[in-house]
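The structure appears below as structure tokens.
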Amino acid sequence: MLQSSQSGVAGAAVIGGVQPRVILSSRVRLARNLKDEHFPDWATAEERKALLERLVPQVMWASEDAQARFFDMSTIAEREREVLKERWLVSSDLLKRSDGAGVVVAHGEALAVMINEEDHVRIQSIHQGLSLMQCWEEADALDTSLDPILPYAFSGRLGYLTACPSNVGTGMRASVMVHLPGLRLTGDIDPVIKALERLNLNVRGTSGEGSMAAGLRFQVSNQGTLGMSEQAVIETLEHVARKIEQQEIAARLRVLRDAPTVFEDCLCRSLAMLKSARLMRADEALDYLSAIRMGMEMGMVRGVGLSRLEELAMVVLPGHMQNFFDAELDPDERDERRANLLGESFAACEIESKLIHESALRLRTARRQ
Amino acid sequence: MLCEKCKKNSAEVAVHEVVMGEERELYVCKACAGLSDEAKLAELVGLLFDMAVKAESGAVKRLGDLRCPACGITRSEFRKKERLGCWKCYEAFGVELEAMIRDMHRGGEHIGKLPQRERELQAREKLEGELRQAVATQHFEEAARLRDELNCLSGRTLNCKERVPNVAK
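Residue numbers (numbering that gives the first Met the number 0), protein chains in the order written: chain A, 0 to 368; chain B, 0 to 168.
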């Protein structure tokens, strides 16, 4: 389907050896429940509240972080809820629950423990890049601290028992977030997704429309949780993530080499929108930022840095937008302010068109030799 | 106009959807307007359930009124919400769950981390088995050592070195 990774590496050397970051972040989540308590969906509001009160200090203690913070879903402001979700600290499911649901956030934002989401306890550890083992070790450590003080629901045969049978066993969901603009340009997203699904992995877009992900960010995670140890699942996923990274880099270089004008068009079109649009939706903005990021990682964008780009990819989200302007903004107002902010931010940004075509030529020459 | 979701078929209906936390009106084709992911999942769980019940043909009537004795939810309530009521539901709805779990996962038995209590229990059972074997084969020195280890596990002996084999690994 795609060329080998070797030509990808060689190609990278030809255009200056820029190392793109395809794997944006890694995450491990553990689902745990208590014996003799109704699972949250069947518990009464009083039961949930009582459990929350009991669990919060225990989780705070186990987090071993004096700065750990607790957010109660029944009292938190609407804007704050959005921000927590946009920072991947809570799920949409938790936001739908109010009485007796909350989250403890610790160690910066590396650790988040949702209480009374679908399961009683959901421990999440998240880190940048490919760092699944670190995520597992941190989530595991917190779980081990909670273990002696919480009577976990467990069966020797089925493992940790969860509210939905799809999570029994380890209760672990490990995932990586990958950025795949190159595979989209080569039209290989769907075959890659199908191949991953055949490997028993789950792929979904991150809050995008339909199958295409907003900002071309996809989350790849393990599907089954029973019959395979945590370490084995993580090793498989890490291996697959590296393969995806190779394929993505190869795809970017292939487009640059074989269709430099398509590559250039993608960057120029996106930049034009970022510079000139008067109204811009969040998902739209993420798509354009994704293209610019790809160009930037290949050294074809001038005038804006990667850290500014990453910051903007967060600021354009609805909750963050309102925090940034410190105002309650309705969607239309947000679209306008978002477009203005992006227009200002990218005013001095330019695409290195000449460099794109020169690099394409060099890649073609290198291939012939 | 093309469907805003699949960008292949022509758009026929308008649907409201929350995208990136904002409600939007999207013009989509009939196929894309059909089912949300959540509805699809609900349909799948229902389907698996039906299959499980059918597989146990003859048992349909008996399963019909099944209720978890611990939390009181019925199997139809579980089907509706797709969430179990408590950990005892795994015993109460064992037959259906067995089939669902087989379809959802690769393996049938847990491999991986164990809670501390479970680890100790498994370690104890292992030692007890070995002790019975040692006594039966008249390896009394070995038996004495195993007995001491067991006492250690129960905390009956003071100042013994902690030695809890990690069965998980």
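Beta carbons are placed, not taken as given, at the ideal position from N, Cα and C, and that holds for glycine.
Your pair Val167/A and Leu157/A checks out as a contact, with CB atoms roughly 5 angstroms apart and the cut at 8 angstroms. Comparing alpha-carbon positions, the option among Gln121/B, Ala98/B and His138/B lying closest to Leu46/B turns out to be Ala98/B. Ranked by Cα distance from Pro68/B, the options Tyr89/B, Ala122/B and Ile100/B are led by Tyr89/B. When the Cα atoms are used, Leu152/B and Leu51/A turn out to be separated by approximately 33 angstroms. A distance below 7 angstroms between beta-carbons, with the five flanking residues on each side excluded, links His37/A to the following residues of its chain, in chain order: Glu46. Looking from the CA of Phe345/A, the closest CA among Glu327/A, Leu360/A and Leu308/A belongs to Leu308/A.
Chain A places no beta carbon closer than 8 angstroms to that of Arg144/B, leaving this residue out of the contacts. Here the alpha carbons of Val58/A and Leu160/A stand approximately 20 angstroms from one another. Against chain A, a Cβ distance below 7 angstroms from His109/B picks out Arg156, Leu157, Gly158, Gly168 and Leu225.
For Gly128/B, not one C-beta of chain A is nearer than 8 angstroms to its own C-beta. Nearest CB-CB separation between Gly84/B and chain A: below the 8 angstroms threshold. In the three-state scheme derived from DSSP, where H, G and I count as helix and E and B as strand, Ser62/A is classed as coil. Within chain A, the residues Asp146, Tyr151 and Phe153 have their CB atoms less than 7 angstroms from the CB of Pro114/B, given in chain order. A residue is called buried when at least 16 other Cβ atoms come within 10 angstroms of its Cβ; Gln218/A meets this threshold and is buried. Restricting attention to Leu198/A, Glu247/A, Gly226/A and Ser124/A, the CA atom closest to the CA of Leu184/A is found in Glu247/A. Short of 7 angstroms from the beta carbon of Asp334/A, and not among the five residues preceding or following it, lie these beta carbons of its own chain, in chain order: Leu278, Met279 and Arg280. Within the stretch 61-94 of chain A, the residues whose Cβ lies closer than 9 angstroms to any Cβ of chain B are, in chain order, Glu81, Lys84, Glu85 and Ser91. Taking C-beta atoms under 8 angstroms as the contact rule, Ala173/A and Trp135/A qualify, at a distance of about 7 angstroms. Under the three-state reduction of DSSP, His109/B is assigned to coil, being neither helix nor strand. By the neighbour-count criterion, in which 16 or more other beta carbons inside 10 Å mark a residue as buried, Asp282/A falls on the buried side. The C-beta distance from Arg86/A to Glu108/A rounds to 6 angstroms, short enough to fall under 8 angstroms.
For Leu255/A, the closest of Ile75/A, Ile355/A, Glu77/A and Gln123/A by C-alpha to C-alpha distance is Ile355/A. With contacts defined by Cβ atoms closer than 8 angstroms, Ile72/B and Trp41/A form a contacting pair.
Ser165/A has a beta carbon lying within less than 8 angstroms of a beta carbon in chain B. Between the alpha carbons of Arg268/A and Gln115/B lies a distance of about 57 angstroms. The beta carbons of Arg118/B and Gly226/A sit about 19 angstroms from each other, so the pair does not count as a contact at 8 angstroms. The C-alpha of Ala276/A lies about 41 angstroms from the C-alpha of Arg121/A.
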